[in-house]
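Residue numbers (my numbering), protein chains in the order written: chain A, -7 to 107; chain B, 101 to 212.
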């Protein structure tokens, strides 16, 4: 069985602050994929990143960065210099390695960035 | 940029009625999915579809639910006899190789 825990239900920051969203997962699989999705107030789910379990290299994309630590089963997401447009619910998700598996989502973290 | 589309954006129905939610996946994608999200809760998997058959389904996807790919472009979710607890946002997703899934904008289903 797979499980994703996002312990932070809501986070509120002021614009330009850095913020880290935590994601801890459980799986018996030795290989798997991890994902982050963004759900803005408009409701759609926007794919942000996919990470393979055998690739522990951290990734940076503009103001976004992801820290994958297999030893602690964590896949944390940091937004640097947050902006109001970053306000959204962010979901971490997990699938087994291979094609066509269901995404197992965490409960999400609601991020509010105020001016 | 290609995207997944869903219709309608909002469906209101009476309890016990049948509803069909429609999705047009990205054209070269081979894997199709339905998820639902009850208001304020996490996104839950319903069913996945590949090579014209269901490949995986959750406990939520009982006999009241069915999926179909009636032609080369549409992917539908049917709920035979809706219940109040079926009220949720229903998301369709598609994937080219079965890992990165791209979601449609969702259909909000309200059962009265």
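Cβ atoms here follow ideal geometry from the backbone N, Cα and C, with glycine treated the same way. All values derive from a computational prediction rather than experimental measurement.
Cβ distance (whole Å) where residue i is taken to contact residue j below 8 Å
i                      : j                      : result
residue 66 of chain A  : residue 14 of chain A  : 7 Å
residue 178 of chain B : residue 166 of chain B : 5 Å
residue 73 of chain A  : residue 8 of chain A   : 5 Å
residue 84 of chain A  : residue -2 of chain A  : 6 Å
residue 101 of chain A : residue 41 of chain A  : The pair is not a contact, with the Cβ atoms about 15 Å apart (cut-off 8 Å).
residue 92 of chain A  : residue 198 of chain B : 4 Å
residue 203 of chain B : residue 104 of chain A : Not really, about 22 Å apart at Cβ, beyond 8 Å.
residue 188 of chain B : residue 201 of chain B : Residue 188 of chain B to residue 201 of chain B, Cβ: 18 Å. No contact.
residue 190 of chain B : residue 121 of chain B : 5 Å
Chain A contact for residue i (CB, 8 Å cutoff)
i                      : result
residue 205 of chain B : yes
residue 190 of chain B : no
residue 155 of chain B : yes
residue 145 of chain B : yes
residue 114 of chain B : no
residue 200 of chain B : yes
residue 148 of chain B : yes
residue 142 of chain B : yes
residue 197 of chain B : yes
Below-8 Å beta-carbon distance, residue i vs any chain B residue
i                     : result
residue 39 of chain A : yes
residue 36 of chain A : yes
residue 97 of chain A : yes
residue 80 of chain A : no
residue 54 of chain A : no
residue 25 of chain A : yes
residue 73 of chain A : no
residue 93 of chain A : yes
residue 67 of chain A : no
residue 83 of chain A : yes
Bounding residues of the beta strand (DSSP E) (the contiguous stretch that carries residue i)
i                      : result
residue 141 of chain B : Note, residue 141 of chain B: premise wrong, no beta strand (DSSP E); not H, not E.
residue 118 of chain B : That residue, residue 118 of chain B, is in no beta strand (DSSP E); it is neither H nor E in DSSP.
residue 192 of chain B : 188 to 195
residue 109 of chain B : That residue, residue 109 of chain B, is in no beta strand (DSSP E); it is neither H nor E in DSSP.
residue 152 of chain B : No beta strand (DSSP E) contains residue 152 of chain B, which DSSP labels as neither H nor E.
residue 101 of chain A : 101 to 106
residue 207 of chain B : 207 to 211
residue 41 of chain A  : 38 to 44
residue 19 of chain A  : Segment: none, residue 19 of chain A is in no beta strand (DSSP E) and carries neither H nor E.
residue 4 of chain A   : 2 to 6
residue -6 of chain A  : That residue, residue -6 of chain A, is in no beta strand (DSSP E); it is neither H nor E in DSSP.
residue 26 of chain A  : 24 to 31
Interface flag, residue i vs chain E, CB-CB below 8 Å
i                     : result
residue 42 of chain A : Among the protein chains in the structure shown, which are A and B, there is no chain E.
Proximity to residue i [Cα-Cα], best of the options
i                      : options                    : result
residue 89 of chain A  : A/55, A/27, A/9            : A/27
residue 155 of chain B : A/94, A/64, A/68           : A/94
residue 59 of chain A  : A/74, A/76, A/33, A/12     : A/12
residue 116 of chain B : B/159, B/186, B/190, B/201 : B/186
residue 157 of chain B : B/172, B/135, B/169        : B/135
residue 208 of chain B : B/153, B/101, B/119        : B/119
residue 182 of chain B : B/164, B/192, B/205, B/176 : B/164
residue 103 of chain B : B/112, B/110, B/126, B/176 : B/126
residue 53 of chain A  : A/70, A/44, A/24           : A/70
residue 169 of chain B : B/206, B/199, B/148, B/144 : B/148
residue 55 of chain A  : A/77, A/64, A/43, A/46     : A/77
residue 18 of chain A  : A/5, A/61, A/32            : A/61
residue 23 of chain A  : A/48, A/75, A/82, A/107    : A/48
heavy atom of the ligand PLP below 7 Å from residue i C-beta
i                      : result
residue 116 of chain B : The ligand PLP is not part of the structure shown, which contains no ligands of any sort.
*Going along the chain, which unbroken runs of the alpha helix (DSSP H) with 4 or more residues stay wholly within the stretch 47 to 95 of chain A?*
As far as the stretch 47 to 95 of chain A is concerned, it has no whole alpha helix (DSSP H) run of at least 4 residues.
_beta strand (DSSP E) runs wholly inside the stretch 158 to 187 of chain B, at least 3 long, in chain order_ = With a minimum length of 3 residues, the continuous beta strand (DSSP E) runs that stay inside the stretch 158 to 187 of chain B are 165 to 168, 175 to 179.
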